[in-house]
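J.: Heads up: the sequence lines are chains C and S, in that order.
The first sequence begins at 1021 in this note's numbering and counts up by one.
The second sequence begins at 5 in this note's numbering and counts up by one.
For glycine and all other residues, C-beta sits at the position ideal for the given N, C-alpha and C.
Computed from a prediction, not measured in an experiment: that's the story for all the values here.
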Amino acid sequence: MNEDPGARTHGIADDSIEVERYELRDGASYEFDLELARRDFFKLLGGGLVMVFTLKTFAQESGRQGGGRRAPETAPKEIGGWLHIAEDGSVTVYTGKVEFGQNIRTSLSQAVAEELRVPVASIRMTMGDTDLTPYDMGTFGSMTTPRMAPQLRKAAVAAREALIDLAAESWKVDRAALTVSDGKVVDSRTKKSIEFGKLTKGQKLLKVIADNAVATPADKWKIAGTSVAKVDGRAFVTGKHRYTSDTKRQEMLFGKIVRPSAFNASLVSADTSGAEAFQGVKVVRDRDFIGVTAPDAHTAANAASAIKAEWKAEPQPSSRELFDYLRKESTPPRQNGGQGSIEDGLAKADKKLQQTYTVAYIAHAPLEPRAAVAEWNNGKLTVWTGTQRPFGVRGELAEAFRIPEERVRVIVPDTGAGYGGKHTGDAAVEAARLAQAAGKPVKLVWTREEEFTWAYARPAGVIDVSTGVRDDGTITAWEFHNYNSGSSGIQTKYDIPNQKIVFHQTKSPLRQGSYRGLAATANHFAREVHMDELAHLVKMDPLEFRLKNLKDDRLRAVLNAAAKAFGWGKAKTADHGFGIAGGFEKGSYVATCAEVSVDRPSGKVKIIRAVTSFECGAIVNPDQLKNQVEGSMVMAIGGAMFEAMDFADGKLLNGRFSRYRVPRFSDVPIIETVLLDRKDLPSAGAGETPIVGLAPAVGNAIFDATGIRLRGLPMAPGPLKL
Amino acid sequence: MQRITELHVNGNKLRIDAAADRSLLSVLRDDLDLTGSKYGCGEGQCGACTVLIDGQATRSCVTPVSSAVGKKILTIESLERNGRLHPLQEAFLEAEAMQCGYCTPGMIMSGVALLGKNSNPSEAEIVRSMEGNICRCGTYPRIVAAIRKASQASKGGGR
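Encoded structure:
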């Protein structure tokens, strides 16, 4: 019951999608009608100027494949986004990306405002509405900044140039004399000016731009590169912003699902008479799906509880046996990387080391549990839901109800977080099924227990590392096997001539899928703890050891910057330890230094300080970037120290905040962030990478303080035995 | 089952008709359309539902509506007056003390309650007082800074 068969046929089958994005596998393909989209623009948006930009590559950008891979040159054009300048001069950007707290609503507005030379406040952004915005494969993978932002920039550049053309034509002057400033086109000689709105009045101009507009380089940025405040921030501090679960529709009912007794259970029988006795309650039963609708949530919950359902579940492994199970159930591996010969490398080594590292399943636990409001009107289904893949969920709904996608609309309000956990349309499909039966809109909000239990987890993993090193600190051999957690971040930036890197897919007892950083957290933990172990083996300083085996300038830069800000190498207090870790993921570089203190009598570990240096090319919004880096570090503390999903016999045992500990105010150390701004490099995303350095840095610091080497995450759910 | 017919919310006496054992949170959100207070866990562990009852920070998700009768309930919606934000709301904006914003109303209400009792809290006092509020996006340091800032700005942070 933890995999909706309808959902499985609307994922993505594409080698460029990381293997551990299990929830996206087994996809059917979409067909997107470009002409249809063009025809509808002005009906949709009103008159004015519409800039549409297309994407050259098909499979990569759109995430779809139509019956087999096609070469980029012959691929149909995909629309990446559009921008509308209305007759009143207002600028609206339409993007299929969604806002989940990573603040791309702000950073994308900065990009457009820059090129159009208008204040950020004058940009409206419509996001994640499948009726209004172009197709997008999903807001994940730190792709918005490197891919969507440049496209929107170019659309804005093209719009700017089109407005100049319009003015030049209207004034019969040479366009070279015209500039754009503050929402107007200005003749720099005569100072004559005209507002955008007046230029586009009465027009219905659609321009399709390809990839060749030239955007302002980062060193000339005036709006991007500055710490613009979060767009619409006021709506959040006043409580006025309506999340999915705040959405209300006329005659709306409340839904509740009857959940199976265990994972993978099937329904044997159900007595729904108890629920039917409640006034205004409708019971919906469809194979293994049992739900109720009621005029209020309280009645819905009571009615659902009154249903007596019998489920049949198979015996399932528990968390105690997890790591043995993962190894045992692995399928023949596919090699991810290798060079040279491990045998030769080990033969050249003075010392060898073999260790195993593990990571537990952890839960995303976004503070807003998943929810959906579904409404059917004359055969058209509209669903409000917080998902990172509005178009993917549209597909799931179309498939589940066997209706064409044009009759499904998914709208994503700015959502209360996801961290990679809200890619699928579970709540959407459930709410829509209830609404269909009830003939009225239905709101379905998952409880916190449902959110913990029935969503997918970050994969657990077992990682075996076997290496050889010379006494002078040169690593000669590096063999790295990851079972289950994934291959993101599995490659190393260290310069090692003999490498064998393998990802082993296995059977997973728990439903699993994408999580912020994917397997990079697990792989960096294993790698950076192992590097620390090697450094100690050859009696070298851990930073020096890394630098000795590393030519990559950008990784060297963040390691050095973090170490310098931290005071690496300086004197320590007794029972304090220092640790360092660095890495690379999704086009950006991170290094973290941590200081821990250990209370010997109690065995309690406290993270005192964490200093992270981060570099992601040209910085778009320094303060918001700092916010992401800090937030990643705090989130990382959970997975590093105490978060773990505990399960047995197909049941999650700790599916509530009173049993599943997440980082709180008192867990936060002194945090320092050192941002390196590389205006000479394209901007990369920053939502994920900063998370990977914390766990190994803290683990290494604990070793430094105590001599105890911890190789499993979470490292200290309870006190250490000293 | 007893029905509750009146609540005192944000300075107003409001008529409702709710079963006595319903949570105050659900009545505020579903019956009164005061959706600023959020559902995060239903067991009083995350603070997203925090309101003030007679000045005390209260987890409305585990508060039966019957127990709120006759008391002064304040929700996040009460803070903005005539278009002017409460100093703590301003401080949150200046400190960019949020990412997804879902915990924000609860954080602000807990902060208002703290400043109402302790006009100049130390960082340790803030941490202790706010420990029941979860921010999964990890903006804790900024929230602490916002509360400190508001305490300095308005000499008490309350009105």
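#1: Helix, strand or coil: how does DSSP classify G1488 of chain C here?
#2: If we ignore side chains and look at the alpha-carbon of each, how far apart do V1193 of chain C and E98 of chain S end up?
#3: Using DSSP with H/G/I as helix, E/B as strand and the rest coil, what is G59 of chain S?
#4: Report the neighbours of C169 of chain S on chain C: residues whose CB is nearer than 7 Å to its CB, in chain order.
#5: Note down, in chain order, every chain C residue with its Cβ under 9 Å from the Cβ of Q6 of chain S.
#6: Would N1647 of chain C count as contacting chain S if we go by Cβ distances under 8 Å?
#7: Taking DSSP as the reference, what is the three-state secondary structure of H1261 of chain C?
#8: Applying the criterion that 16 or more other CB atoms from any shown protein chain within 10 Å of the CB defines a buried residue, is K1063 of chain C buried or exposed?
#9: If you draw a straight line from the alpha carbon of G1707 of chain C to that of V31 of chain S, how long is it in whole angstroms?
#10: Give the residues from the stretch 49-82 of chain S that approach chain C closer than 9 Å (Cβ to any Cβ), ordered along the chain.
#11: Alpha carbon to alpha carbon, how far is G1713 of chain C from L1570 of chain C?
#12: Counting only C-beta atoms, is R26 of chain S closer than 8 Å to chain C at any point?
#13: So T108 of chain S is in the alpha helix (DSSP H); what residue range does that whole segment cover?
#14: What residues of chain C sit near L36 of chain S, judged by a beta carbon separation below 9 Å?
#15: Going along chain C in order, which residues have a C-beta closer than 9 Å to the C-beta of P125 of chain S?
#16: Hey, how far is the Cα of S1082 of chain C from the Cα of L1172 of chain C?
#17: At 3 residues or longer, what runs of the beta strand (DSSP E) sit wholly inside the stretch 1315-1370 of chain C?
#18: Excluding the 5 residues preceding and the 5 following E1093 of chain C in the sequence, name in chain order all residues of the same chain whose CB lies nearer than 7 Å to its CB.
#19: Looking at Y144 of chain S: is its Cβ nearer than 8 Å to the Cβ of V1654 of chain C?
#20: Do you know how far the Cα of L92 of chain S is from the Cα of G142 of chain S?
#21: Is the beta carbon of P1433 of chain C closer than 8 Å to that of R1262 of chain C?
#22: Have a look at C:G1275, C:A1317, C:N1720 and C:S1289 and flag the residue whose alpha-carbon is nearest the alpha-carbon of A1630 of chain C.
#23: Nearest-angstrom Cα distance between F1685 of chain C and G51 of chain S?
#24: Name, going along the chain, the residues of the stretch 1516-1539 of chain C whose beta-carbon falls closer than 8 Å to a beta-carbon of chain S.
#25: If you follow the beta strand (DSSP E) that R1629 of chain C is in, where does it begin and where does it stop?
#26: Return the CA-CA distance between P1476 of chain C and Q1532 of chain C, expressed in angstroms with no decimal places.
#27: For a quick check, are the C-beta atoms of F1634 of chain C and S1617 of chain C less than 8 Å apart?
#28: Could you name the residues of the same chain whose beta carbon sits closer than 6 Å to that of A1133 of chain C, not counting the 5 residues immediately before and after it, in chain order?
#29: Using DSSP bridges, identify the partner residues of I1600 of chain C.
#30: Apart from the five residues just before and just after Q1270 of chain C, which ones in its own chain have a Cβ nearer than 8 Å to its Cβ?
#31: Mind listing, in chain order, the continuous alpha helix (DSSP H) runs of no fewer than 4 residues lying wholly within the stretch 1630-1699 of chain C?
#32: Check Q1374 of chain C in the structure and name its three-state DSSP category.
#33: Which residue marks the beginning of the alpha helix (DSSP H) containing I1214 of chain C, and which one marks its end?
#34: Which whole-angstrom value describes the C-beta separation of T1074 of chain C and K1117 of chain C, a residue pair presumed to lie in contact below a C-beta threshold of 8 Å?
#35: Could you give the distance in angstroms between the alpha-carbon of P1642 of chain C and the alpha-carbon of A1656 of chain C?
#36: Among C:T1319, C:V1428 and C:I1184, which has the Cα closest to the Cα of L1152 of chain C?
T.: From the atom records:
#1: On the first sequence, residue 1488 of chain C is found 468 positions in, with the first residue counted as 1. Three-state DSSP puts G1488 of chain C in a strand.
#2: Counting from one through the first sequence, the residue named residue 1193 of chain C turns up at place 173. Counting from one through the second sequence, the residue named residue 98 of chain S turns up at place 94. Using only the alpha carbons, I get a separation of about 45 Å.
#3: Position 55 of the second sequence, counted from the start, is the residue given in the question as residue 59 of chain S. In this structure, G59 of chain S counts as coil in the three-state DSSP scheme.
#4: Given that chain S is displayed from residue 5 to residue 163, the structure contains no residue 169 of chain S and the question cannot be resolved.
#5: The residue labelled residue 6 of chain S in the question sits at position 2 within the second sequence. Neighbours of Q6 of chain S on chain C: none; closest Cβ ~14 Å, over 9 Å.
#6: On the first sequence, position 627 is the one that residue 1647 of chain C refers to. Cβ-Cβ to chain S under 8 Å: yes for N1647 of chain C.
#7: Working through the first sequence from its first residue, we reach residue 1261 of chain C at position 241. Judged by DSSP in its simplified three-state form, H1261 of chain C adopts coil rather than helix or strand.
#8: Translated into positions along the first sequence, residue 1063 of chain C becomes position 43. Around the CB of K1063 of chain C, fewer than 16 other CB atoms lie within 10 Å, so the residue is classed as exposed.
#9: As a working mapping, residue 1707 of chain C is identified with position 687 in the first sequence. As a working mapping, residue 31 of chain S is identified with position 27 in the second sequence. Roughly 36 Å between the two C-alpha positions.
#10: Q49, C50, A52, T79, I80 and E81
#11: To locate residue 1713 of chain C, count along the first sequence from 1; it is residue 693. To locate residue 1570 of chain C, count along the first sequence from 1; it is residue 550. So the alpha carbons of these two residues sit roughly 17 Å apart.
#12: Taking the first residue of the second sequence as 1, we reach residue 26 of chain S at position 22. Closer than 8 Å: yes.
#13: Position 104 of the second sequence holds residue 108 of chain S. It spans T108 to K121 - the alpha helix (DSSP H) in which T108 of chain S sits, taken as one unbroken run.
#14: Counting from one through the second sequence, the residue named residue 36 of chain S turns up at place 32. Correct list: empty, because the minimum Cβ distance to chain C is about 12 Å.
#15: Mapped onto the second sequence, residue 125 of chain S falls at position 121. Those within 9 Å of P125 of chain S in chain C number zero; the least Cβ separation is about 12 Å.
#16: For the purposes of this step, residue 1082 of chain C is taken as the residue at position 62 of the first sequence. For the purposes of this step, residue 1172 of chain C is taken as the residue at position 152 of the first sequence. Note that S1082 of chain C has pLDDT 42, beneath the 50 cutoff, so the model's placement of it is unreliable and no number is given.
#17: 1328-1332 and 1354-1359
#18: On the first sequence, position 73 is the one that residue 1093 of chain C refers to. Confidence at E1093 of chain C is low in this model, with a pLDDT of 33, below 50, so its placement is unreliable and the value that follows should be read with caution. Nothing meets the Cβ criterion.
#19: Counting from 1 along the second sequence, the entry for residue 144 of chain S is found at position 140. Counting from 1 along the first sequence, the entry for residue 1654 of chain C is found at position 634. Yes, these two residues count as a Cβ contact at 8 Å.
#20: In the second sequence, the residue the question calls residue 142 of chain S occupies position 138. In the second sequence, the residue the question calls residue 92 of chain S occupies position 88. So the two alpha carbons sit approximately 19 Å from each other.
#21: To locate residue 1262 of chain C, count along the first sequence from 1; it is residue 242. To locate residue 1433 of chain C, count along the first sequence from 1; it is residue 413. Yes, these two residues count as a Cβ contact at 8 Å.
#22: Along the first sequence, read from residue 1 onward, the residue named residue 1630 of chain C stands at position 610. Measuring from the Cα of A1630 of chain C, the nearest candidate turns out to be C:N1720.
#23: In the first sequence, the residue the question calls residue 1685 of chain C occupies position 665. In the second sequence, the residue the question calls residue 51 of chain S occupies position 47. Looking at the two C-alpha atoms, the distance is approximately 12 Å.
#24: Flagged: no residues at all.
#25: Residue mapping note: residue 1629 of chain C aligns to position 609 of the first sequence, counting from 1. Element bounds for R1629 of chain C: K1624 to E1635.
#26: In the first sequence, counting from the first residue as 1, residue 1476 of chain C sits at position 456. In the first sequence, counting from the first residue as 1, residue 1532 of chain C sits at position 512. The sequence given here has Tyr at residue 1476 of chain C, not Pro. Going from the Cα of Y1476 of chain C to the Cα of Q1532 of chain C covers about 4 Å.
#27: On the first sequence, position 614 is the one that residue 1634 of chain C refers to. On the first sequence, position 597 is the one that residue 1617 of chain C refers to. The answer is no: Cβ separation not under 8 Å.
#28: The residue given as residue 1133 of chain C occupies position 113 in the first sequence. Taken in chain order, the residues that qualify are V1140, I1143 and I1243.
#29: Position 580 of the first sequence, counting from 1, holds the residue named residue 1600 of chain C. Answer is C:C1613.
#30: In the first sequence, residue 1270 of chain C corresponds to position 250, counting from 1. If we look at Q1270 of chain C and ignore the five residues flanking it on each side, its Cβ neighbours are P1461.
#31: Taking only runs of at least 4 residues, the alpha helix (DSSP H) segments lying wholly in the stretch 1630-1699 of chain C are 1642-1657.
#32: By one-based count along the first sequence, residue 1374 of chain C stands at place 354. Strand, per DSSP.
#33: The sequence position of residue 1214 of chain C within the first sequence is 194, counting from 1. Per DSSP, I1214 of chain C belongs to no alpha helix (DSSP H); it is in the beta strand (DSSP E), S1213 to E1215.
#34: Residue 1074 of chain C sits at position 54 when you count from the first residue of the first sequence. Residue 1117 of chain C sits at position 97 when you count from the first residue of the first sequence. So it is not a contact: roughly 17 Å between Cβ atoms.
#35: Within the first sequence, residue 1642 of chain C is the residue found at index 622, counting from 1. Within the first sequence, residue 1656 of chain C is the residue found at index 636, counting from 1. Their Cα atoms are separated by approximately 21 Å.
#36: Taking the first sequence and counting its residues from 1, the one referred to as residue 1152 of chain C is at position 132. Cα-wise, what sits closest to L1152 of chain C is C:V1428.
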